[in-house]
Amino acid sequence: MSLRHLVATALLCLASIAGAEELFMARSAQSFPETMLALQEAITRQGYVLSRVQHVDVGLTEMGFATDKYRVVFFGKPEEIRALSARYPQLIPYLPLQVTIFAEGEETLVVGADPLMLQRLVPDPAMAPVFRRWRDDLAVVMESLRALR
Amino acid sequence: MFKVILLAVMLAGALPAAVAADGAQLYGQHCAACHGLHGEGGVGVPLALPDFLSTADDDFLRKTLRNGRPGRVMPAFRSLADAEVEAIVGHLRSFAKPDAPAARAPSSARVHGDVEKGRALFAQHCAACHGANGEGGHGTGVTFSRPRDLPIMPPALNNAGFLAAASDAMIKATLMRGREGTPMISYLDQGLSEQDINNIVAFVRSFEASAPAQPPPLDEPMILEAESSYSLEETVENMKRAAIGKNFRLIREQRLEHGFFPEGEENAKQVIVYFCNFNFINQALSLDPRVGLFLPCRVTVVEQDGVVKVLSINPKHLSALYNNRELDAACDEMTELYEGILEEATL
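First to last, the protein sequences are chains P and E. For what it's worth, the numbering used here labels the leading residue of the first sequence as 171, then goes sequentially. For what it's worth, the numbering used here labels the leading residue of the second sequence as 154, then goes sequentially.
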């Protein structure tokens, strides 16, 4: 192995992979309105309640953006939100769960953080199945959006 | 028992092949969100460019998948099985047109050139797009919706992931041919000699000595919190004043349980204050369009067992999800703002 390969390998060993696959993303071939509808239906199908859809579009077009279709969707299970926020108040900044949806050309992107990362915040083993369930549910939602044609 | 073992062995043998057949699905799952359903680009750079597909050998694609580009958005897919990586590489090859030239064979041959002469040529011909030190352009991939001075983000040539993946032969071929569909032109057509190009390759390779490594994983807490000596109501008002004092605009105040329980049945001791700074949002979206997880800015005031606390996400922690060094810098600034607001509201 040459010196240059050794150097490059050493640099990569230093590189962090933390977080690299903790971002859940899906591209939908459908336009923004159709994907937004499908996203909300998919979240509801998994047994969650949508608590709010936040517009993040104020002033975007004035700043030169070609689209103002950018929203954050908040969701959760009411009793779960109530119980967990009382028992683990440190979770509150990450509640309700949220995903971002925005238009990219004629297609739409949806982005969310892997809920399993919350284990670092609440290492209680009793919570592991809850975070895993949230993760699985989000994965199902994302997969349903990828399947949109 | 023997049959069970035999079946297990057969299944284990069949598994990689089954996975390998699923390149399109794996691409859809891991790559399409950024690079487009058909490799046309988006948050990530386009992959379905004929010049890219003919100059990038399979080894480049494999190493790029495995190591990503530290600090430059492309994540390292280290949990993929070898067969899955091969399947994705195979799918990427399907983007090539039927009459396209065959992909370059991997080569570890060194291109020899004069680094100093290459430095001067790089400054003259390459630095305008790739940066004086090969640090690359700003933002992400290509843009469909955001204003930018270049239609595509020029790659960071000093990136450890790029340098580990790209052979000298690939860099040379890219310089000689250019990349149609991007601002990257053929430097042979521009009048450079093959030796000039070799010199530039040698200079790019010299970045290995100084390529910035990704900082080690942040030992940052996931949340920011402070205890308030005021009542919940006073703390909420303090919070609003502090946010306005930091040039944020208040968006709204609501209870955490808003939307989950009827009004009047929500927990009144968990109050979220949302605020926003449009210039900051604009800047963040230009750096990475996926930053909605941070938005809008928010602090929650909570009273539990007679103790009032303010809590927020830690932008520095969340930023690590994006593998975007430019965003990290913006999040450092955002974290300082949050800390200032929390301190002002509680002290």
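For each residue, glycine too, the CB sits at the ideal point set by N, CA and C. Please read all numbers here as calculations on a predicted model, not as lab measurements.
Are the CB atoms of residue j and residue i within a distance shorter than 9 Å?
i: E/Glu333; j: E/Asn467; result: no
i: E/Pro304; j: E/Cys282; result: no
i: P/Thr278; j: P/Lys239; result: yes
i: E/Leu328; j: E/Ser346; result: no
i: E/Ala396; j: E/Val424; result: no
i: P/Gln289; j: P/Ala298; result: yes
i: E/Phe413; j: P/Pro248; result: yes
i: E/Leu310; j: E/Val357; result: yes
i: E/Leu409; j: E/Glu419; result: yes
i: E/Tyr491; j: E/Asp441; result: no
i: E/Thr388; j: E/Val460; result: no
Roughly how many angstroms separate the alpha carbons of residue i and residue j, rounded to a whole number?
i: E/Leu341; j: E/Thr208; result: 16 Å
i: E/Gly292; j: E/Gln348; result: 33 Å
i: E/Val238; j: E/Asp211; result: 10 Å
i: E/Ala255; j: P/Phe235; result: 39 Å
i: P/Thr205; j: E/Ser260; result: 44 Å
i: E/Lys445; j: E/Leu274; result: For clarity, residue 445 of chain E is Gly in the given sequence; the question names Lys instead. Cα to Cα, E/Gly445 sits roughly 41 Å from E/Leu274.
i: E/Thr499; j: E/Ala421; result: 19 Å
i: E/Ser359; j: E/Ala313; result: 12 Å
i: E/Val198; j: P/Ala208; result: 27 Å
i: P/Glu211; j: P/Val223; result: 13 Å
i: E/Gly192; j: P/Ser198; result: 14 Å
i: E/Thr296; j: E/Gly224; result: 19 Å
i: E/Val172; j: E/Ala240; result: The pLDDT assigned to E/Val172 is 43, lower than 50, so where the model puts this residue is not dependable, and the model offers no usable value.
i: P/Arg252; j: E/Leu214; result: 47 Å
i: E/Ala318; j: E/Lys469; result: 29 Å
i: P/Glu276; j: P/Ser201; result: 5 Å
i: E/Gly417; j: E/Gln407; result: 12 Å
i: E/Asn435; j: E/Ala262; result: 45 Å
i: E/Gly493; j: P/Met233; result: 27 Å
i: E/Phe428; j: E/Phe401; result: 6 Å
Rank the options by C-alpha distance to the C-alpha of residue i and give the top, closest one.
i: E/Lys216; options: E/Val226, E/Phe315, E/Pro442; result: E/Phe315
i: E/Ile376; options: E/Glu489, E/Ala276, E/Leu206; result: E/Glu489
i: P/Val243; options: E/Pro449, E/Asp252, E/Ser382; result: E/Pro449
i: E/Phe205; options: E/Asn286, E/Asp481, E/Glu390, E/Ala326; result: E/Ala326
i: E/Val226; options: E/Gln457, E/Gly290, E/Ile494, E/Met337; result: E/Gly290
i: P/Ala296; options: P/Phe272, P/Leu254, P/Val226; result: P/Leu254
i: E/Ala483; options: E/Glu497, E/Leu438, E/Glu496, E/Asp458; result: E/Leu438
i: E/Ala280; options: E/Val242, E/Phe431, E/Pro336; result: E/Pro336
When burial is assigned at 16 or more other CB atoms within 10 Å of the CB, is residue i buried or exposed?
i: E/Leu202; result: buried
i: E/Ser472; result: buried
i: E/Gly294; result: buried
i: E/His188; result: buried
i: P/Leu230; result: buried
i: E/Leu160; result: Note on E/Leu160: pLDDT 49, under 50, position unreliable in the model; no value is reported.
i: P/Arg215; result: exposed
i: E/Phe447; result: buried
i: P/Leu173; result: Any reading at P/Leu173 needs caution, since the residue's pLDDT is 47, under 50, leaving its predicted position unreliable; the model's value is listed next. Classification for P/Leu173: exposed.
i: E/Asp481; result: buried
i: E/Arg222; result: buried
Hey, residue i and residue j are a contact pair by Cβ (cut 8 Å); roughly how many whole angstroms apart?
i: P/Ser221; j: E/His411; result: 6 Å
i: E/Ala355; j: E/Val264; result: 7 Å
i: E/Ala186; j: P/Ala196; result: 6 Å
i: E/Ser465; j: E/Val452; result: 5 Å
i: P/Phe194; j: P/Leu308; result: 6 Å
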